[in-house]
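My numbering puts the sequence shown at residues 360 to 668. For every residue, glycine included, the Cβ atom is placed at its ideal position computed from N, Cα and C. Right, one structure below, let's go through it.
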Amino acid sequence: MLPVYISHPDCLKHSMGDQHPECPERIGAVNDMLLIKGLLDFMQPMDAPLATEKQLAQAHASLYIHELAAQSPKEGSVQVDPDTSMNQYSYQAALRAAGAAVMATDMVLTKGAGTAFCNVRPPGHHAEYSAAGGFCFFNNVAVGIRHALNVHGLERVALVDFDVHHGNGSEDILHDDERVLMCSIFEDKLYPFCGNVPRGPNMVNVALPARSGSDALRQAVLEKWIPALDQFRPQLIFISAGFDGHRDDDMGNLGLVEADYAWITKQIVAVAQRHCQGRIVSCLEGGYVMSSLARSAAAHVKVLLGMDD
Ligand SMILES: [Zn+2]
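As structure tokens, then:
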């Protein structure tokens with residue numbers, strides 16, 4: 360089976376206002392660039408299903424799931440944290456985004472898809488066990504990871520997160536779960552202002568100072584991530600693929616470029632080929648300037664497809 364490309368029109372209906380950086384246009388920007396580059400010719404497109412309550416409850420408190428559903432407005436919008444709000448379509452979109460990670464996991468583990476890329480929003484890595492935040496409602500990758508562990512019976516699943524912001528939600532849910540290794544790289548002293556002290560022995564957190572640039576990123580991956588991943592021997596790798604560390608994106612100041620996203624993806628693909636037949640599930644997280652988001656995501660997907668040179 361071809362690598363899968365999972366998205367859903369519902370992801371475009373969730374809006375947090377015209378001026379909000381986490382905007383519906385992000386999905387189209389990524390989709391259009393993958394199309395223009397010819398990458399979608401080599402992928403099986405699929406519509407994301409709605410995550411079930413049982414699937415969500417593998418990573419979130421049942422009370423939180425119910426409270427979020429109850430907050431979903433019939434019209435207008437409801438603020439759930441200073442940066443995050445829901446319109447009447449947001450809850451449905453959040454279910455699609457988490458459902459995409461579950462479907463991607465199924466496709467890679469049982470249908471031989473090899474790799475999967477989920478072009479979905481809302482993003483997920485700031486969503487904690489019982490709290491929304493930072494534009495996130497459900498932690499898409501954590502829901503997928505727990506599905507791989509609890510439903511498919513995997514024993515070791517890795518998560519790598521290269522979004523410019525620390526994936527505090529993923530760490531909140533997955534710390535001390537010895538079946539998971541989470542490796543993250545993020546900009547120090549940036550939202551959510553944590554991550555410097557890992558919350559468990561299964562967390563490899565690398566905080567890079569602002570303006571670190573490509574060389575520091577690559578050195579950190581080679582010295583901190585790769586040895587930990589090789590020792591862990593993952594049976595499946597999830598990627599929290601955030602592209603807001605790009606130098607054109609003013610959400611952060613790491614100063615990265617498309618070539619860095621291609622390079623880091625290449626390292627992850629190599630780990631996956633060494634330990635788990637190349638099996639990778641990648642989910643979109645941040646990236647807020649349409650042009651750099653689209654170019655970076657395309658560079659990432661191209662390597663996932665094994666088409667880099
Ligand atoms: Zn981010």
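Near residue i, which residues of its chain fall below 6 Å by C-beta distance, leaving aside the five closest residues on each side in sequence?
i, result
"ILE598", "VAL519 and SER641"
"ASN509", "GLN417"
"ALA475", "VAL363, ALA463, MET466, VAL467 and VAL640"
"ARG570", "ASN612 and GLY614"
CB residue i to CB residue j, shorter than 8 Å?
i, j, result
"MET462", "PRO408", "yes"
"ALA491", "THR443", "yes"
"ALA452", "ASP536", "no"
"GLY554", "ASN561", "no"
"HIS485", "PHE494", "yes"
"PRO593", "CYS635", "yes"
"ASP619", "TYR647", "no"
"ASP607", "SER650", "yes"
"HIS524", "LEU549", "yes"
Which one or two residues does DSSP pair with residue i in a beta bridge?
i, result
"HIS605", "LEU615"
"GLY387", "Beta-bridge pairing links GLY387 to no other residue."
"HIS544", "Per the sequence shown, residue 544 should be read as Ile rather than His. Its beta-bridge partners are VAL565."
"CYS477", "ILE365 and CYS642"
Determine, using beta carbons only, whether residue i comes closer than 8 Å to chain C.
i, result
"VAL519", "Going by chain labels, chain C is absent from the structure shown, which holds only one protein chain."
Between residue i and residue j, which are expected to be in contact by the criterion C-beta below 8 Å, what is the C-beta distance as a whole number of angstroms?
i, j, result
"ALA472", "ASN499", "The Cβ separation is near 17 Å, so there is no contact."
"ASP547", "GLY645", "In fact, because the Cβ distance is near 16 Å, the residues do not count as touching under 8 Å."
"LEU581", "LEU613", "Actually they are not in contact, since the Cβ atoms of LEU581 and LEU613 sit about 17 Å apart, beyond 8 Å."
Is it buried or exposed, residue i, if we count other Cβ atoms within 10 angstroms and call 16 or more buried?
i, result
"GLU426", "exposed"
"GLN590", "exposed"
"LEU643", "buried"
"PHE552", "exposed"
"GLY397", "exposed"
So, for residue i: in the same chain, excluding its five sequence neighbours on each side, which residues have a beta-carbon less than 7 Å away from its beta-carbon?
i, result
"ILE424", "GLU412, LEU415 and ALA416"
"MET445", "GLN430, SER431, PRO432, SER436, VAL437 and VAL439"
"GLU434", "GLN447"
"ARG455", "HIS367, ASP369, CYS370, ALA407, LEU409 and VAL479"
"THR624", "HIS659, VAL662 and LEU663"
Going along the chain, which residues of its own chain have a beta-carbon closer than 8 Å to the beta-carbon of residue i, five neighbours each way excluded?
i, result
"LEU468", "ALA507, HIS511, LEU513, LEU595 and ARG638"
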